[in-house]
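Just below is one structure, and these are the notes that go with it.
There are 2 protein chains.
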Amino acid sequence: MKTLPQISEAEFEVMKVVWKYAPISTNEITDYLVKTTSWNPKTIQTLIKRLVTKGALTYEKHSRVFVYTPLVDKDEYIGQESSSFLNRFYDGDISAMLSAYIDHDKLSDSEINTLRSLLTKDPKKGGA
Amino acid sequence: MKTLPQISEAEFEVMKVVWKYAPISTNEITDYLVKTTSWNPKTIQTLIKRLVTKGALTYEKHSRVFVYTPLVDKDEYIGQESSSFLNRFYDGDISAMLSAYIDHDKLSDSEINTLRSLLTKDPKKGGA
DNA sequence: ACTTAAATATTACGGTTGTAATAAAATTAT
DNA sequence: ATAATTTTATTACAACCGTAATATTTAAGT
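Residue numbers (this note's numbering), protein chains in the order written: chain F, 986 to 1113; chain Y, 986 to 1113.
See the structure below:
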């Protein structure tokens, strides 16, 4: 498996926007994040640039503007981070993790039910 | 809620040892981690020191040696990290997260069953 | 009391991150 | 063509991190 680039927390916020709206220009990314964060546009520029350097984003020039597309797949990235999280914090024991969420986050009955139905679905259907 | 100190990934490995064996001396921590990691003892010293500075550990002097005890609660820390992870990566949607684990990590039937039974336990019993 | 050994403390150093400011290049308007 | 504006590129800088090395303090032996 190819190794995905290291994406910092702030950079990840940028990635989320690009994943959602790509292809998207610098200004569009900036407009969006200026509204949803407390970041200065200059900061957002820097984050975008770093993501390009890291190989997480690529772009096409449309005359003066750059229009970005993700180079890393969202599900793959999140899946990898999730596995790594599970290993570091719960030694890979997913039951231990779920237990901790149930205790710590005090899941409501309806959340519990949703989870249960998730686990009850016939895995034969829906598979690849 | 009091804010827990920021603990880095390498520091967290040290914390795990202290959580497990506290009260524990510098040398005991070092011996343990030298075996389970590729770290130089000096590196481990540094990590311990930083954890003290950050308020994650405290110690008692027993003549020349320091004997450490955690100042942050393991479950509390992990719970907080877990909530934060869930929010950042899954927008707080625990079903989405579990779904992703099921898909990405290809959970076995027995794992699925364990999870299901976890969710089926009567929450009335065992509560505080 | 001195020397030695063991433990702790201080210093180092490059990479990453958060957070921008300044500089340069490219377009657009005049 | 120039000037003004917009976009991108370069530079900055401190905190945090991984990874130690060196220095100092303190206890133990002799």
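Positions of the beta carbon are idealized from the N, C-alpha and C atoms, including for glycine.
Remember, it's a predicted structure, so these values are computed and weren't measured experimentally.
Expressed to the nearest angstrom, what Euclidean distance is found between the alpha-carbon atoms of residue i and residue j?
i	j	result
residue 1041 of chain Y	residue 1005 of chain Y	14 Å
residue 1025 of chain Y	residue 1038 of chain F	32 Å
residue 1056 of chain F	residue 1036 of chain F	10 Å
residue 1111 of chain Y	residue 1080 of chain F	With a pLDDT of 45 at residue 1111 of chain Y, under the threshold of 50, the modelled position of that residue is not reliable, and no figure is offered here.
residue 1014 of chain F	residue 1068 of chain Y	27 Å
residue 1002 of chain Y	residue 1012 of chain F	48 Å
residue 1113 of chain Y	residue 1089 of chain F	In this prediction, residue 1113 of chain Y has a pLDDT of 42, which is less than 50 and means its spatial position is unreliable; nothing more can be read from the coordinates.
residue 1075 of chain Y	residue 1047 of chain Y	47 Å
residue 1016 of chain F	residue 1085 of chain F	38 Å
residue 1023 of chain F	residue 999 of chain F	13 Å
residue 1030 of chain F	residue 1095 of chain Y	47 Å
residue 1098 of chain Y	residue 1097 of chain F	15 Å
residue 1078 of chain Y	residue 1087 of chain F	13 Å
residue 1020 of chain F	residue 1043 of chain F	24 Å
residue 1064 of chain Y	residue 1032 of chain Y	22 Å
residue 1059 of chain Y	residue 1028 of chain Y	23 Å
residue 995 of chain Y	residue 987 of chain F	24 Å
residue 1034 of chain F	residue 1061 of chain F	22 Å
residue 1045 of chain F	residue 1018 of chain Y	48 Å
residue 1066 of chain Y	residue 1066 of chain F	13 Å
In the DSSP assignment, what are the bridge partners of residue i?
i	result
residue 1051 of chain F	F:1046
residue 972 of chain Y	This structure does not reach residue 972 of chain Y, given that chain Y is present from 986 up to 1113, and the question cannot be answered.
State yes or no: is the C-beta of residue i within less than 8 Å of the C-beta of residue j?
i	j	result
residue 1053 of chain F	residue 1008 of chain F	yes
residue 1070 of chain F	residue 1070 of chain Y	yes
residue 1101 of chain Y	residue 1105 of chain F	yes
residue 1083 of chain F	residue 1092 of chain Y	no
residue 1050 of chain F	residue 1010 of chain F	yes
So which residues on chain F does residue i lean against when the C-beta distance must stay under 9 Å?
i	result
residue 1089 of chain Y	1060, 1061, 1063, 1064, 1065, 1067 and 1068
How would you list, in chain order, the residues of chain F whose beta-carbon sits under 8 Å from the beta-carbon of residue i?
i	result
residue 1017 of chain Y	Near residue 1017 of chain Y there are no residues of chain F at all, since even the closest Cβ is about 16 Å away, more than 8 Å.
residue 1079 of chain Y	1086, 1090, 1092, 1096 and 1100
residue 989 of chain Y	The contacting residues do not exist; residue 989 of chain Y stays about 13 Å from chain F at best.
residue 1032 of chain Y	Simply none; closest approach about 15 Å.
At a cut-off of 7 Å, is residue i close to the ligand SAH when judged by its beta-carbon and the heavy atoms of the ligand?
i	result
residue 1027 of chain Y	In the structure shown, the ligand SAH is absent, as is every other ligand, since no ligand is present at all.
Anything in chain Y within Cβ reach of residue i, meaning under 7 Å, just list it in chain order.
i	result
residue 1028 of chain F	Those within 7 Å of residue 1028 of chain F in chain Y number zero; the least Cβ separation is about 18 Å.
residue 1074 of chain F	1063, 1066 and 1067
residue 1042 of chain F	Ordered by position in chain Y, no residue passes the 7 Å Cβ test against residue 1042 of chain F, which lies about 19 Å from the chain.
Along chain Y, in chain order, which residues have C-beta atoms closer than 8 Å to that of residue i?
i	result
residue 1114 of chain F	Shown here, chain F extends from 986 to 1113; a query on residue 1114 of chain F therefore has no answer.
Give the residues of chain Y in contact with residue i, contact being defined as C-beta atoms less than 9 Å apart.
i	result
residue 1036 of chain F	Those do not exist, as residue 1036 of chain F stays about 17 Å from chain Y at its closest Cβ, beyond 9 Å.
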